[in-house]
Structures are given as C-alpha cells and as structure tokens.
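Enquirer: With UniProt numbering applied, the sequence shown corresponds to residues 1 to 431, in that order.
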Amino acid sequence: SQGGRRLKMAEMSFGNRRSTAYRRSEEGMPSFNPVAFFQGCIASRPDTLHDKAPLVVDFPDRPSKMLAAVLPDYGSAKRFKVQMVDLPRLPMGKLKSTEVLVEVHAAGVNPTDWKQRKGTLSQIFPLTLPCILGIDFSGRVVRAGEDASFSEGDEVFGRQTLHRMTELNGSYAEYCIVDSQDIFHKPENLSHKEAAGVPHACLAAYACLARIGKLLEKRTAIDKAVFILGGSGGVGTFAVQLAKHHFGCYVIASSSSKNAELLRSLGADEVLDYEDPAFLKSMGYTKVDAIVDCVGGDDYWVAFKPSLKADGVYVTLVGSERHLANDKSIDYTLALQIQADYFMRQISNRIGAAQNYHILTGSQLQSSDLKIIASLLEEGTLKVVQEKSFSLYDIALAHELSETRHAVGKIVIEIRAEEEGRKKSEEAEKG
C-alpha cells in the first residue's frame, strides 16, 4: 500500500530524498514543476552530499546520531518532527579544507524559515525533502578543516547558506557543517542564545544601509537621515541601531505605539505609529537618504518615495505585498510575475523612473560583515533584542509566533540550554 511504502521518520535516510522538480499529484501521478526544471537546466545541480555519503563518518569522537527538527514535507509548523537522525554525512568521510563541524547551542528563527516550511517559496527555491531547516546559529567548533581559520573549542556564530542547508542540514539540529567563511568568533559578552539571533537579521540590516543605502559612501556627510519601516522586528531593531550609532544618522522608525519607547532606547529620534490613520502622510516634508522597508507593500513605496532625497534609496526586504500576502505556495505564473516585476524595477532604476527602488536578495548579504558586527556587539554599540526563546521540542510554537509578524526583535531555539546553564553555574562557583 502507499502507506506501507512510507519510511518511518525515525529510520529515515537523508540520502533517499527525491528532487522537487517532479512532485506527486493526488492521483499518484508525477506532476511537473517547470520552475525547478528550468533552474536545473540553467544551473545543473549535482547529487546532494547525502547521496554520495559513505556509510560511516569520520567523527569518531562524536555520537553517530543527533537530535534535529525534521521537516518531512511542506505544511504547517506542526509538520516538524523532533527526532534522532544521522550526523551529516560527507564525501570521502571527511570535512573539506574550509569546512567546520559546529556543535549548535542555539538557532535563530527567520521569516525565510517558515516561508520555506510552508512552501511559499517552493517554486523559486525548492527544498529537497525531508530536510532540516535553519539559517542562524551559535555554537562551538568541534572539528575544523586544515584551511579553516578556526580551531576545536572556538565559540562561533554565523549562518548556514540555503544551498548548503539543502545539501547537508540547517541549524535546527545539534550539529551543523558550515563553510568557515560564513562564521566568526562569537562576542564574549553574548550568550549563545543572544548570538544566535544576530547573523541573518543584522547582515540584512547592514547590507540595506551600508551598500544598497549607500551610507558607506556618505560616512562623512552631515544631515544624514534614515526611515526604518517596521523598526521593532528582527531586522528593524538592528537597522535602527546601525543607522544611529554606526552611521550617525537621524533615525525615524515606525512601529505600534507600545514599542515606541523601545525604539527610542535603541536610538530612534522619531517613532511613527503605523496604526495612526494619518500614518501614510506623517513624514511631511522630511527628506531621507534611505528608507528600509521591513514590512512590504506598494502602498508604502507610493506614499513615502516623495520623502527620498534626490540620490535617496528605497530598499525592501519583502517586496510587493500583493505577491505574498496570502502565504500560499507561489505557482509558476506568479513566480514569473515576481521575476518580471523585479526586472522592471531594475530597468526603471536604470532610466531614473523608480528613484532607486531595490529588493534585498540573499546574494547581497556578505558573511564577511560578521567581523564588523561582532566588533559593534563587543563594544556595546549594538544590542540584541529578543522576543522569546523556545526549546527544540517547541519549534512549532516558535514558528507560529514568528508568523504573526508581531514579534519584537528575534526568536531563538535553545538546543543545548541545559548544558550552557550548567557551565555558567560551574563558572560562577569557581569565581
């Protein structure tokens, strides 16, 4: 029977995952995914590392199994299965020269995670299921390749790229193999729980302001001003602090009235209440160098583009809200529409018709910026704002909270909370 062919999750081999270019319809016949097929034509994807993996892994001092939150198929947060799985398997049984094996202590939750889980992005970035999601993490290096600039025992924080997440696994697990260029030494004044919420959101905020927003070019300019739409979220809280304390800008931010005081404490000079009926007209004649839109929607672009200076930049993390508002899987036609919309925006930028409207893409985040971010965290210029932390077993609750889009700051999964707490207690007793 069909049910009899299904593997039990606890016994599942990640080497047997099938491509999502073809998916089963309700009648049991394969249905064609044209976007995934087209992606395969223009950039042929090799077998996953799991497909090539040996039966044994060269980690003799590590357990053969690890606890992980496995996503067997697209769906709600309740689809996650927290279970024991094999450690990541490797070609030739060893790490590549620049790779490191990280013992994950905490993992951050990002909107990209639950959009992948729901299948919202499946036509643009198809997952190879089952898989282990998770981008952000903080932990300890337990094995390093010969060319990696880290040693066993180093405490690090960083991110797993989407491509490597599919080939190996993401950070929702006790162990994760990452490229050493995507991590940096964890600031000593941060716990793993705090550090895990930093990488993706802070890298996005820095990219929006420093490069796309051109504030690096304007470091010595006076009267710089920035408007952060959605200032109380994960990216927004970092963007407010970076704009004020690192780039020296006058900062305007939007949030609900209950989060206004928080944003002022982070450095916002003005806080606009997005629930105010007059919100879309509240900028008046103020002119800013950059608008960072963490919310999305063409209504904001239309309302606030007159507030940009002549060389000002509008950068959005979300894009046009009409494309993703219903959170359903983006079908083939809509995927093409989004691509067409994006390219039309770029063409408009070239001829000056769109006043530098930009959509942030993952390729614009540079892991090398973690060095700058770590320094700002250590000196106290940046602070981590967190809504709540959850255990790995409560990962569904963490995703559901993130999906409300009303979390203040970051949401974190504590994977080794008891171990870290015990270590702190022992250090306190010695002190």
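Where a beta carbon is used, it is the ideal one built from N, C-alpha and C, also for glycine.
For Phe238, I'd like the list of residues in its chain whose CB is within less than 6 Å of its CB, leaving aside the five on either flank, ordered along the chain.
Expert: Within the sequence shown, numbered from 1, the residue matching residue 238 stands at position 238. Only Ala201, Cys202, Ala205 meet the Cβ criterion.
Enquirer: How would you call Tyr393, buried or exposed, if buried means at least 16 neighbouring beta carbons within 10 angstroms?
Expert: In the sequence shown, counting from the first residue as 1, residue 393 sits at position 393. Label assigned to Tyr393: exposed.
Enquirer: Could you round the C-beta distance between residue 481 and Val141 to whole angstroms and report it? I think they count as a contact, below 8 Å.
Expert: Look at the range of the chain in this structure, 1 to 431, and you will see that residue 481 is not part of it.
Enquirer: Contact defined as beta carbons within less than 8 Å: I believe Lys96 pairs with Met84. What is the distance between those atoms, to the nearest angstrom?
Expert: Along the sequence shown, one-based indexing puts residue 96 at 96. Along the sequence shown, one-based indexing puts residue 84 at 84. Their Cβ separation, rounded to whole angstroms, is 26 Å, which puts Lys96 and Met84 out of contact at 8 Å.
Enquirer: Below 8 Å on the Cβ atoms is my guess for Leu272 versus Ile252; work out the distance and round it to an integer in Å.
Expert: For this step, residue 272 is matched to residue 272 along the sequence shown. For this step, residue 252 is matched to residue 252 along the sequence shown. So it is a contact: roughly 7 Å between Cβ atoms.
Enquirer: Given this structure, state the Cα-to-Cα distance separating Tyr74 from Ser171, to the nearest angstrom.
Expert: Residue numbering aside, residue 74 sits at position 74 when the sequence shown is read from its first letter. Residue numbering aside, residue 171 sits at position 171 when the sequence shown is read from its first letter. Computed Cα separation, rounded: 18 Å.
Enquirer: Taking DSSP as the reference, what is the three-state secondary structure of Tyr172?
Expert: By one-based count along the sequence shown, residue 172 stands at place 172. Residue state, collapsed to three classes: coil.
Enquirer: Quick one: give me the first and last residue of the alpha helix (DSSP H) that Ile372 is part of.
Expert: Against the sequence shown, residue 372 aligns to sequence position 372. Looking at the DSSP string, the run of the alpha helix (DSSP H) that includes Ile372 is 370–378.
Enquirer: Per the contact definition of three or more C-beta pairs closer than 8 Å, is the segment 208–228 in contact with the segment 290–300?
Expert: Cβ pair count under 8 Å is three or more, so yes.
Enquirer: What whole-angstrom Cβ distance do Glu103 and Glu188 have, given they're in contact under 8 Å?
Expert: The residue you call residue 103 lines up with position 103 of the sequence shown. The residue you call residue 188 lines up with position 188 of the sequence shown. The pair is not a contact, with the Cβ atoms about 18 Å apart (cut-off 8 Å).
Enquirer: Inspect the beta-carbon positions of Gly197 and Asp113 and report whether they are closer than 8 Å.
Expert: Against the sequence shown, residue 197 aligns to sequence position 197. Against the sequence shown, residue 113 aligns to sequence position 113. No, these two residues do not count as a Cβ contact at 8 Å.
Enquirer: Which one of Val235, Val100, Pro111 has the shortest CA to CA distance from Ile177?
Expert: Position 177 of the sequence shown, counted from the start, is the residue given in the question as residue 177. Considering only alpha carbons, the answer is Val100.
Enquirer: Within the continuous beta strand (DSSP E) that includes Gly236, where are the two ends?
Expert: Position 236 of the sequence shown, counted from the first residue, corresponds to residue 236. Segment 234–241 is the alpha helix (DSSP H) holding Gly236; no beta strand (DSSP E) there.
Enquirer: Throw me the rounded Cβ distance for the residue 480 and Pro199 pair, which I believe falls under 8 Å.
Expert: No answer is possible for residue 480: it lies beyond the span of the chain, which begins at 1 and ends at 431.
Enquirer: Could you please give the first and the last residue of the uninterrupted alpha helix (DSSP H) stretch that includes His192?
Expert: The sequence position of residue 192 within the sequence shown is 192, counting from 1. Its alpha helix (DSSP H) spans residues 192–195.
Enquirer: What does the Cβ neighbour count give for Phe37, buried or exposed, with the cut at 16 atoms within 10 Å?
Expert: For this step, residue 37 is matched to residue 37 along the sequence shown. Summary for Phe37: the model assigns pLDDT 44, below 50, so the residue's position carries little reliability, and this model does not support an answer.
Enquirer: Would Asp154 and His192 be called neighbours here (beta carbons separated by less than 8 Å)?
Expert: If you number the sequence shown from 1, residue 154 lands on position 154. If you number the sequence shown from 1, residue 192 lands on position 192. Contact flag unset, no.
Enquirer: Have a look at Gly230 and Ser367 and give me their C-alpha separation to the nearest angstrom.
Expert: Taking the sequence shown and counting its residues from 1, the one referred to as residue 230 is at position 230. Taking the sequence shown and counting its residues from 1, the one referred to as residue 367 is at position 367. So the alpha carbons of these two residues sit roughly 24 Å apart.
Enquirer: The alpha helix (DSSP H) with Lys65 in it runs from where to where?
Expert: Start at 1 with the first residue of the sequence shown, and residue 65 comes out as number 65. Run containing Lys65: none in the alpha helix (DSSP H); it sits in the beta strand (DSSP E), 65–70.
Enquirer: Beta-carbon separation of Leu242 and Val315 under 8 Å?
Expert: Looking up residue 242 in the sequence shown gives position 242. Looking up residue 315 in the sequence shown gives position 315. No, they are not a contact pair.
Enquirer: Would you tell me roughly how many angstroms separate the C-alpha atoms of Ile415 and Lys281, rounded to the nearest one?
Expert: Residue 415 sits at position 415 when you count from the first residue of the sequence shown. Residue 281 sits at position 281 when you count from the first residue of the sequence shown. Those two C-alpha atoms are separated by around 45 Å.
Enquirer: Any idea what DSSP makes of Tyr300, helix, strand or coil?
Expert: As a first step, residue 300 must be located in the sequence shown, where it is residue number 300. Helix, per DSSP.
Enquirer: What residues in its chain sit with their C-beta under 6 Å from that of Tyr274, if we drop five residues either side in the sequence?
Expert: The residue labelled residue 274 in the question sits at position 274 within the sequence shown. So the qualifying residues of the chain are Ser254.
Enquirer: For Tyr357, which beta-bridge partners are listed by DSSP?
Expert: Along the sequence shown, one-based indexing puts residue 357 at 357. DSSP lists Tyr314 as partners of Tyr357.
Enquirer: Could you tell me the alpha carbon to alpha carbon distance between Val109 and Arg117, rounded to whole angstroms?
Expert: The sequence position of residue 109 within the sequence shown is 109, counting from 1. The sequence position of residue 117 within the sequence shown is 117, counting from 1. The straight-line gap from Cα to Cα measures roughly 12 Å.
Enquirer: Can you find the residues in the same chain that come closer than 6 Å, C-beta to C-beta, to Tyr250, ignoring five residues on each side of it along the sequence?
Expert: Taking the sequence shown and counting its residues from 1, one reaches residue 250 at position 250. Here the set comprises Ala225, Asp269.
Enquirer: Taking only runs that begin and end inside the segment 236–289, name each unbroken alpha helix (DSSP H) of 4 or more residues, in chain order.
Expert: List check, alpha helix (DSSP H) in window: 260–266.
Enquirer: According to the Cβ coordinates, are Leu166 and Thr128 closer than 8 Å?
Expert: In the sequence shown, the residue the question calls residue 166 occupies position 166. In the sequence shown, the residue the question calls residue 128 occupies position 128. The question names Leu, but residue 166 is Thr in the sequence shown. Going by C-beta atoms, Thr166 is nearer than 8 Å to Thr128.
Enquirer: Check whether the Cβ atoms of Ile413 and Ala396 lie closer than 8 Å to each other.
Expert: As a first step, residue 413 must be located in the sequence shown, where it is residue number 413. As a first step, residue 396 must be located in the sequence shown, where it is residue number 396. Going by C-beta atoms, Ile413 is not nearer than 8 Å to Ala396.
Enquirer: Alpha carbon to alpha carbon, how far is Glu403 from His358? Give it in angstroms, no decimals.
Expert: Start at 1 with the first residue of the sequence shown, and residue 358 comes out as number 358. Start at 1 with the first residue of the sequence shown, and residue 403 comes out as number 403. Answer to the nearest angstrom: the Cα atoms are 24 Å apart.
Enquirer: Is it right to say Leu216 is buried, meaning 16 or more other beta carbons lie within 10 angstroms of its own, or is it exposed?
Expert: Walking along the sequence shown from the start, residue 216 turns up at place 216. By the neighbour-count rule (16 or more Cβ atoms within 10 Å), Leu216 is not buried but exposed.
Enquirer: Would you mind giving the Cβ-Cβ distance between Val384 and Glu261, rounded to the nearest angstrom? I have them listed as a contact below 8 Å.
Expert: Your numbering for residue 384 matches position 384 in the sequence shown. Your numbering for residue 261 matches position 261 in the sequence shown. Not quite, the Cβ-Cβ distance comes to about 18 Å (not below 8 Å), so this is no contact.
Enquirer: Tell whether a beta-carbon distance below 8 Å holds between Leu168 and Pro88.
Expert: Taking the sequence shown and counting its residues from 1, the one referred to as residue 168 is at position 168. Taking the sequence shown and counting its residues from 1, the one referred to as residue 88 is at position 88. A contact, by the Cβ cut-off of 8 Å.
Enquirer: By DSSP's criteria, Arg165 is part of a beta bridge. Which residues make up the other side?
Expert: Walking along the sequence shown from the start, residue 165 turns up at place 165. Just to set this straight, residue 165 is Met in the shown sequence, not Arg. None, per the DSSP bridge assignment.
Enquirer: For a test of the three-state rule: what should DSSP assign to Arg211, helix, strand or coil?
Expert: Locating residue 211 in the sequence shown gives position 211, where the first residue counts as 1. DSSP places Arg211 in helix when its eight states are reduced to three.
Enquirer: Please report the residue range of the alpha helix (DSSP H) in which Ile395 lies.
Expert: Within the sequence shown, residue 395 is the residue found at index 395, counting from 1. Where Ile395 is concerned, the enclosing alpha helix (DSSP H) stretches over 395–403.
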